[in-house]
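For the protein sequence lines, the chains are A and G, in the order given.
Counting in this note's numbering, the final residue of the first sequence is number 239, and the numbers go up one at a time with none missing.
Counting in this note's numbering, the final residue of the second sequence is number 119, and the numbers go up one at a time with none missing.
All C-beta atoms, glycine included, are put in the ideal place defined by N, C-alpha and C.
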Amino acid sequence: DAGITQSPRHKVTETGTPVTLRCHQTENHRYMYWYRQDPGHGLRLIHYSYGVKDTDKGEVSDGYSVSRSKTEDFLLTLESATSSQTSVYFCAISLTGEGTDTQYFGPGTRLTVL
Amino acid sequence: SQKIEQNSEALNIQEGKTATLTCNYTNYSPAYLQWYRQDPGRGPVFLLLIRENEKEKRKERLKVTFDTTLKQSLFHITASQPADSATYLCAGGLGTNAGKSTFGDGTTLTVKP
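See the structure below:
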């Protein structure tokens, strides 16, 4: 599992509240990612990071922000949660080298916004 | 925009048969394709990667092909078992380490005893 944990694993919140999801890795990987997975849409990249304080947007970044102040932690924040952000969120790391981005995923966080 | 399409949402086969899953890409030319397995309530798990200059790759009972003319990858599981039942995701990457792979929606395989 590449030493990836996500917290919380489940969360129910109300529209308009801020929510922060945490991804923690133990193996010092440089690249980390946040995806959301929804029926009919597959996995979609929200944001990714290529080092401490280095982040970039993915295809569905609106309404989300990220921070990476330490190599091992990558935080995803929903500043004001909406019902459309109800989803399963996966964190991933990739092993660099050889020009590929094979990714190893965490167990996921199921977020419900009421 | 670049797209990965996995033709079947669901595939049901009998134990012992070969399962064949299809992945088509449009609007871009991935440098490699990857296949992942995902079980319910779990994150995807990497299975195989094939590069554009490779026609075929094997790993135990798994075989994947990459046809740049048809813009397609086929993923085969031979001698399938009920334990192979899962959702299989295809992803196409551009050859950088920047996490730019595009994922398909997946095909759910059910192997019946």
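Cα atoms of residue 166 of chain A and residue 111 of chain G: separation of roughly 6 Å, rounded to the nearest angstrom.
For residue 46 of chain G, none of the residues of chain A pass the 7 Å Cβ criterion, the least Cβ distance being about 11 Å. Under the three-state reduction of DSSP, residue 89 of chain G is assigned to helix. Residues 24 and 67 of the same chain have their beta carbon placed closer than 6 Å to that of residue 84 of chain G, with the five preceding and five following residues left out of the count. Under the Cβ distance rule, residue 98 of chain G does not count among the residues neighbouring chain A, no pair being separated by less than 8 Å. Around residue 109 of chain G, the beta-carbon contacts reaching into chain A at under 7 Å are 167 and 168. Using a 10 angstroms sphere on the CB of residue 161 of chain A, the tally of other CB atoms reaches 16 or more, which defines it as buried. Only those residues of the region 22-46 of chain G whose C-beta falls short of 9 Å from the nearest C-beta of chain A are listed: 37, 38, 40, 42 and 44. DSSP lists A:129 as the beta-bridge partner residues of residue 150 of chain A. Judged by DSSP in its simplified three-state form, residue 35 of chain G adopts coil rather than helix or strand. When DSSP reads this structure, residue 176 of chain A sits in a beta bridge with A:179. 8 Å or more divides the Cβ of residue 57 of chain G from the Cβ of residue 92 of chain G. Among the bridge pairs identified by DSSP, residue 98 of chain G is matched with G:39 and G:108. Proximity of residue 199 of chain A to chain G, defined by a Cβ-Cβ separation below 8 Å, is not satisfied. Fewer than three beta-carbon pairs drawn from the region 229-239 of chain A and the region 29-36 of chain G are found closer than 8 Å, and the two stretches are therefore not classed as touching.
Going by DSSP, residue 135 of chain A is part of the beta strand (DSSP E) stretching over 135-138.
Residue 52 of chain G has a beta carbon lying within less than 8 Å of a beta carbon in chain A. 95 and 97: these are the residues of the region 83-97 of chain G whose beta carbon lies less than 9 Å from some beta carbon of chain A, given in chain order.
Residues of the region 55-74 of chain G with a Cβ closer than 9 Å to any Cβ of chain A, in chain order: 55 and 57. Contact between residue 14 of chain G and residue 113 of chain G holds: their C-beta atoms lie close to 5 Å from each other, under 8 Å.
Annotation for residue 177 of chain A: 193, 194, 195 and 196 place their beta carbon closer than 7 Å to its own, counting only its chain and skipping 5 residues before and after. By the 16-neighbour rule on beta-carbons within 10 angstroms, residue 150 of chain A is buried.
The secondary-structure analysis by DSSP pairs residue 163 of chain A across a beta bridge with A:167.
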